[in-house]
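Enquirer: Positions 1446 to 1839 (our numbering) are the ones given, in order, by the sequence shown.
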Amino acid sequence: MNAITQTASSSDGVHFYYKHKPMRKYNTVILGAAGSGKTVYLSALYRKLSTPSEVGYFLDAPLPQQKRLRFAYNSLTAAWPPPTALADTDVFEFDITVKSPSGNQHAVTLCYCDMSGERLTEDTGDPEIEEATAGIFEIADILLGFIDGEKLCKQLSGGAADEMFWMHEMQALCEQMTKYDGKDKSIHFVVTKWDCFEACDDSLRKVRDALLAFPAFHNVVANCTGTVRLIPVSSVGREYAAILNGTAARSNGTLPTPLHVEVPFACVLPDMIHREMKAAQAALEQRARELNRPVLAKLEPWEIFGNWAGRFIHRFLEERNIDGGIFAWFAKFSSRSAQLKLLNAEQLQEQNQAEAQRLKTLVSDQETAAQFVMQSMATTESAFAMAYPSSKLN
């Protein structure tokens, strides 16, 4: 799709112009110790969202990656899939697609870089691997830190202190997060194997308190300028996990039922666009000071895209390869979301669901598909936040 110039109007008749072009890919880097469940999570995510479901979009991936993910998940019936080799980095490209009357519409691509857990905790002894690892982190838009929920559960259940877990795995994870969380990057800590816990916010609150009591983790949260989330997931669900652990007998028809695997995925794009909005606002304020001109308190596309500020933002987006139409829509969406937060949680969820249904009927191209996906993700995030208010760490 070639970039084209489009125009839009606000309710008060103010026009603004932007260039619409394919959205760039967003990169998410996954890090965690070996055995923490990174590859299994990705396979569960793809399994749950590879066909159209209640979220309204589905994921597509290159055929070799589809096979790799299916193999990883199917291998759970025998054992956990083999770990990612030390020198390898598995990259999975998920194309988010929306069905519409005119056909499937591609919205945006999210890339996941799944690195070997040994790169996090061990000295590879290979300068090329270390340099490649640093390069991967530099291009990351969002960092996902995986925490082994089974080990954490044992710690919270009165088990013997596991120094290897805290001082080796968690310390290494936090050090890497601190090193590469610059430029307002968001951090999502994913607690895997949530089937070991009671699926409620009280459990997550206890996990949060235990993690924040660990100095390195506390420092990461305190110093991160992006959004920090704590998200529990189970790639197989409680019943199937009991079968795998040998604490329950296998019965006919018992299938994995992944829990919350879509939540980290749904939080990536909104957090990423929020980051771009903060960067645009900061750049605009800096330029206003240089020109000795007033600047708006916050980005409102129907107010700024028709004047000098709009031209500046347009160039800013071009340099960062960001779609202007999506940016303008999201700025308005954020303003609406701030107003909706004055509602109670149930009303907010109803409003989000209604808006998602409305946008679904308007999907006809990449831009409208991306708008619907953003709204659908916001609905997922708000529903999760209602159930787990302890998930937001800053």
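We treat Cβ as the ideally placed atom computed from N, Cα and C, and that holds for glycine.
Quick test of your reading: residue 1670 and residue 1587, contact by CB under 8 Å. State the CB separation rounded to the nearest angstrom.
Expert: Actually they do not touch by this definition, with Cβ atoms about 14 Å apart.
Enquirer: Can you tell me which of the three DSSP states residue 1549 falls into?
Expert: strand
Enquirer: If we count the other Cβ atoms within 10 Å of its Cβ and call it buried at 16 or more, is residue 1737 buried or exposed?
Expert: exposed
Enquirer: Under 8 Å, do residue 1502 and residue 1818 count as touching if we go by C-beta distance?
Expert: yes
Enquirer: With a CB to CB cut of under 6 Å and the five nearest residues on each side skipped, what residues in its chain are close to residue 1558?
Expert: 1474, 1534, 1536, 1581
Enquirer: According to DSSP, is residue 1631 helix, strand or coil?
Expert: strand
Enquirer: Look up residue 1538 in the DSSP assignment and give the residues it is bridged to.
Expert: 1556
Enquirer: Between residue 1661 and residue 1620, is the Cβ-Cβ spacing less than 8 Å?
Expert: yes
Enquirer: Roughly how far, in whole angstroms, is the beta-carbon of residue 1804 from the beta-carbon of residue 1796, given that I think they are within contact range, below 8 Å?
Expert: Between residue 1796 and residue 1804 the Cβ distance is about 13 Å, and since that is not below 8 Å, they are no contact.
Enquirer: Tell me whether residue 1747 sits in a helix, a strand or coil according to DSSP, three-state version.
Expert: In this predicted model, residue 1747 has a pLDDT of only 41, less than 50, meaning its place in the structure is not dependable; the value taken from the coordinates is given anyway. In the structure shown, residue 1747 sits in a helix (DSSP, three-state: H, G or I).
Enquirer: Who are the near neighbours of residue 1681 in its chain, counting only those whose CB is closer than 6 Å to its CB and skipping five residues on each side?
Expert: 1701
Enquirer: Determine the burial state of residue 1822: buried for a count of at least 16 other Cβ atoms within 10 Å of its Cβ, exposed for fewer.
Expert: Residue 1822 is buried by the Cβ-count criterion.
Enquirer: Nearest-angstrom Cα distance between residue 1727 and residue 1762?
Expert: 13 Å
Enquirer: Kindly list the residues whose CB is nearer than 6 Å to the CB of residue 1471, restricted to its own chain and excluding five residues on each side of it in sequence; keep chain order.
Expert: 1555, 1586, 1717
Enquirer: Just confirm the distance between the C-beta atoms of residue 1633 and residue 1811, as a whole number of angstroms; I'd bet it's less than 8 Å.
Expert: That belief does not hold up - the Cβ atoms of residue 1633 and residue 1811 are roughly 26 Å apart, past 8 Å.
Enquirer: What number of angstroms, rounded off, separates the C-alpha of residue 1641 from the C-alpha of residue 1760?
Expert: 50 Å
Enquirer: For residue 1638 versus residue 1573, is the C-beta distance shorter than 8 Å?
Expert: No.
Enquirer: Please report how far the alpha carbon of residue 1665 lies from the alpha carbon of residue 1707, in whole angstroms.
Expert: 24 Å
Enquirer: Taking the continuous alpha helix (DSSP H) assigned at residue 1718, which residues delimit it?
Expert: 1707 to 1736
Enquirer: Give me whichever residues DSSP pairs with residue 1476 in a beta bridge.
Expert: 1590
Enquirer: Whose C-alpha, out of 1833, 1562, 1578, is nearest the C-alpha of residue 1591?
Expert: 1562
Enquirer: Do you know how far the Cα of residue 1809 is from the Cα of residue 1547?
Expert: Spanning the alpha carbons of residue 1547 and residue 1809 requires a straight line of approximately 7 Å.
Enquirer: With residue 1636 and residue 1703 assumed to form a contact (beta carbons below 8 Å), what rounded beta-carbon distance in angstroms separates them?
Expert: Your pair residue 1636 and residue 1703 does not check out as a contact, with CB atoms roughly 14 Å apart and the cut at 8 Å.
Enquirer: Please identify the residue among 1480, 1616, 1484, 1493 whose C-alpha is closest to the C-alpha of residue 1705.
Expert: 1493
Enquirer: Starting from residue 1660 and walking both ways along the alpha helix (DSSP H), at which residues does that stretch end?
Expert: Membership of residue 1660 in the alpha helix (DSSP H) is indicated by the continuous run 1660 to 1668.
Enquirer: Determine the burial state of residue 1618: buried for a count of at least 16 other Cβ atoms within 10 Å of its Cβ, exposed for fewer.
Expert: buried
Enquirer: Apply the 10 Å Cβ neighbour rule to residue 1484 and answer buried if 16 or more other Cβ atoms are within range, or exposed otherwise.
Expert: buried
Enquirer: By the three-class DSSP mapping on this structure, what secondary structure does residue 1471 have?
Expert: strand
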